[in-house]
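The sequence shown finishes on residue 526 if you use UniProt numbering, and the numbering steps up by one all the way, no holes.
Heads up, the beta-carbon is just placed ideally off N, CA and C, and yes, glycines get one too.
Taking it in order: structure first as C-alpha cells, then the write-up.
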Amino acid sequence: MEYAGGTFLGRVPDPTCLEKVTNCGPLLKLLDVRAFLGTVGVCRIFIDRFAEKAEPLVCLTCKDIPFQFGKEEAHSQAILKDALALSPAICPLNYSNNAPIVLSVDSCNIAIGYILMQLNIDDPSIRYVNRFGSITLNEREARYSQAKLELDGLFRALRATRLWTVGTTHFVVEVDALYIRGMINNPDIQPNAAVNWWITGILLFSFTMVHVPSERIAADGPSRRTRQPGDLQEEDDDFEDWIDQANGFMHFINNLQSSSDTLNILATISIFTVESIAPPEEVELTPYSAVPRSHRALSINNRVDLVRAYLHSLERPRDLSDVQYHQFIKYCLQFFVDSSGQLWRKDPQGSHCLVIPQHRRLSIIREAHDNMGHKGVWATTTTIRECFWWSRQAEDIKWYICTCHLCQLQQTEKLRIPPVVAEPFKIMRRGLNTCVVGMNFTEPMGLFAKCYMDVMGMSKSGGYKYIVHGRCSSSTYPEFCKLRCQTGKAIANWIFKDILCRWGTLRVIITDNGTPFVLALDILAK
C-alpha cells in the first residue's frame, strides 16, 4: 500500500501506551528502582538478555552495596526503555480471536497501577502487553484505608481503560485483595457515599474477577511509581456525573412549577375506577403491659433499669454481694450514658444502639412495621436493631406482627383443615359405660358426642408447653386448653370442664390411645 509516495512497513506501538515507562526519570531511591524493574520485568521473557541489561539496576537492590545511581545505571535504564519499546510483547488488542483480555490492578498509598494485557490464544501462559498505567494519588487519597484504596484503584483503572474494554466478551480483572468481591456484591452495607459511588461505577462493567497473590500481581511495579516531571495532570472531572449519565440518573436543576392560572378544567371524568380499601382509623396503641413477657425478659428489664440508675449516680446497689457486684460491673461495661443522659448499648464495631424504655417500644415497632410496607419479622427486626436495643426485642416484634390485623388479612399462607365426614353409628348401653359394640338401636347424635382428641407439644411460653385439642365430629367445632404438663389428671379435668359440662354426654373419643388419655378415662370413670 502506498500513501503520498511512501510504503507502509509494519507498525509501532502508540507512545502513550508506554509513557509511564519511557517518562521515568533518574532512579534516585530504592523504591524507584524496584518500581521500574517490576514494570519492565513484566515483559522480560520478550527482552533479549534481560538479566544482563538489568544487572546494574539489580545491584542497587542488594543490601551490601551502597546505593549510587551513576552513568552505568542510567545507561542500563535507557537500554531497558528502548528494549521494552521495541519488544514484540507490546501489541494492540485483537478483538477478532476472542482471546481473553486481562486488566491487572494494584493499589498502594503511592499510586494506582494497572496493566492491560491479552493472552495468547494458543498458549495462555504468554501475555502480550497493550498499555501500562499509573495514577499518582494526592495527599488526601493516600490516607485512604487499604480497602478504600483497592476499591478506588479498581474503579479508576476500569474507567481509564474503558475505551478498550467495553464490549469485550472475555474480560478478566486480576486483583490481590479478595475482599473486593464481597464489597462489590454488598453495596448497601458500605459506610460512606464515595465507596457506593465507586461500586456503582464498577458494576457498569462486565468482567470476571480473579484473585492473584500479591507477590505475583503484574501491576505491582506501576503502583510503586512516583510522580515524574514529564507526567501529564490527570483529568479532574466529576466522576459522579459520569456515573449518573451512564446509569440514566436524573437531576432536577429547577423545580417544575405549574400555574393554575393557565389551566382551564373543562370536565372531570372517572375512568377505570377501582374500589380501594379505606385506610384504617387511627387506633390507640396497645399498652406495653399487654405484650406477653417471659420471666427472663422481665428480669433483664429490671437489670437494665438498675444499670441506668447506677450509671447516673455511680452508687453501689445495697442488695448486691461482692461477687454479684463484680458481675454487675461487668454487665454495666456493655452500656454507657451520653451527655444528655440517654442510655446506649455498646457495639464493638462502633454501631452503638439507643436503649429504649418500655413505653416507647411498641411505637417504634409500629413505625418500623406499619410505615415500611408491613414487612416480616426478620426485615423489621433488622431495621430496628440498627438503631435501637432492648431485651428480647425479636420476641416483641414477632408478637406485634402476629397480631397485626392488616397482615392477617393479606397473608398468603392459608391453613387448610381436612374435612371430617360425620357418619352415624350405633351404640349399646351397658350400665354406665357406653361403647360401640353392635347394632341394637340407633340414637341421634349431639354436639361432641363423637370427638377427636390429641395433645400437641409447643414451645414453652409462660410455663405452658402443651395444648390439648378436641374437635367435634359433626360440626368440626374445636375446643382446646393449654397445659403445663401432659398428665391424665390434667386431660381429665379439661374433658370434664370444657366438654362434659359444656356440651353434654361424650360417647366416643377417637385418639391415639396414649397413656395420658387412658388414665384420663379411668379418672372420669371413678
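Proximity winner among the options, relative to residue i (alpha-carbon distances)
i, options, result
"Thr381", "Asp370, Gly373, Asn371 and Ile365", "Ile365"
"Val166", "Met453, Asn138, Gln146 and Val102", "Val102"
"Lys465", "Thr476, Arg471, Cys485 and Tyr452", "Cys485"
"Gln349", "Gln327, Leu362 and Glu386", "Glu386"
"Cys472", "Gly463, Gly462, Asp498 and Met458", "Asp498"
"Pro56", "Leu27, Ile199 and Gly201", "Leu27"
"Ser299", "Thr226, Arg316 and Trp390", "Trp390"
"Pro88", "Asn98, Ile47 and Gly504", "Ile47"
"Met209", "Asn196, Asp220 and Ala177", "Ala177"
"Ile509", "Arg502, Cys451 and Gln68", "Cys451"
"Trp494", "Leu524, Arg303 and Pro66", "Leu524"
"Ala219", "Leu154, Ala194 and Lys346", "Leu154"
"Asp347", "Lys526, Phe388, Arg49 and Val323", "Phe388"
"Ala35", "Ser474, His359, Arg502 and Gln77", "Gln77"
"Tyr477", "Met458, Met453 and Gly463", "Met453"
"Asn185", "Ile199, Asn192 and Ala193", "Ile199"
"Ile79", "Asp64, Arg44 and Lys63", "Arg44"
"Phe335", "Leu60, His326, His352 and Val323", "His352"
"Cys62", "Ile90, Asp82 and Val33", "Val33"
Residues sharing a beta bridge with residue i, DSSP
i, result
"Ala193", "Answer is none; Ala193 lacks a bridge partner."
"Trp164", "Answer is none; Trp164 lacks a bridge partner."
"Phe480", "His469"
"Met453", "Gly470"
"Gln118", "Ile101 and Tyr128"
"Tyr144", "Per DSSP, none; premise fails for Tyr144."
"Phe388", "Leu354"
"Ile499", "Paired residues: none, contrary to the question."
"Ile90", "Val129"
"Tyr464", "Ser461"
CB contact flag (residue i, residue j, <9 Å)
i, j, result
"Ile112", "Arg131", "no"
"Val468", "Leu447", "no"
"Lys29", "Pro222", "no"
"His369", "Ile329", "no"
"Gln118", "Asn94", "yes"
"Ser294", "Ser461", "yes"
"Val40", "Ala54", "yes"
"Thr161", "Ala85", "no"
"Leu362", "Tyr400", "yes"
"Val337", "Leu311", "yes"
"Asn98", "Ile121", "yes"
"Val129", "Val42", "yes"
"Arg224", "Gly38", "yes"
"Pro516", "Val455", "yes"
"Leu151", "Ile180", "yes"
"Ala297", "Glu395", "yes"
"Ala148", "Ala194", "A quick correction: the sequence has Lys, not Ala, at residue 148. Contact flag set, yes."
"Leu343", "Leu354", "yes"
"Arg502", "Glu479", "yes"
"Ala449", "Thr511", "no"
"Pro317", "Leu306", "yes"
"Leu136", "Arg216", "Residue identity check: residue 136 is Thr in the sequence provided, not Leu. Cβ atoms of Thr136 and Arg216: not closer than 9 Å."
Contact with chain D by residue i, beta-carbon distance below 9 Å
i, result
"Phe171", "Reference to chain D is not applicable here, since this structure consists of a single protein chain."
Delimiting residues of the beta strand (DSSP E) encompassing residue i
i, result
"Ile135", "Arg127 to Thr136"
"Thr208", "Thr208 to His211"
"Phe336", "Phe335 to Val337"
"residue 552", "No answer is possible for residue 552: the residues shown for the chain start at 1 and end at 526."
"Ile110", "Taken as a continuous stretch (DSSP letters only), Ile110 belongs to no beta strand (DSSP E), as it is neither H nor E."
"residue 562", "Because the chain in this structure spans residues 1 to 526, residue 562 falls outside the shown range and cannot be described."
Enclosing alpha helix (DSSP H) for residue i [first to last residue]
i, result
"Phe345", "According to the sequence as given, residue 345 is Arg; it is not Phe. First-last for Arg345: Leu343 to Arg345, but that is the beta strand (DSSP E), not the alpha helix (DSSP H)."
"Phe517", "Thr515 to Ala525"
"Glu174", "It is not in any alpha helix (DSSP H) - Glu174 instead sits in the beta strand (DSSP E) that spans Phe171 to Val175."
"Ile47", "No alpha helix (DSSP H) holds Ile47; DSSP gives it neither H nor E."
"Ile329", "Asp322 to Cys332"
"Val291", "Element bounds for Val291: n/a, residue is neither H nor E."
"Val33", "Leu30 to Val40"
"Thr22", "Glu19 to Thr22"
"Arg181", "Tyr179 to Asn185"
"Asn493", "Gly488 to Trp494"
"His75", "Lys71 to Ala85"
Does the segment 103-112 come close enough to the segment 72-89 to have 3 or more Cβ pairs within less than 8 Å?
-> no
Kindly confirm or deny that the segment 513-525 and the segment 489-504 touch, where touching means at least three C-beta pairs closer than 8 Å.
-> yes
Report yes or no: do the segment 392-411 and the segment 363-377 share at least 3 C-beta pairs separated by less than 8 Å?
-> yes
Do the segment 204-214 and the segment 160-177 touch if we need at least three Cβ pairs shorter than 8 Å?
-> yes
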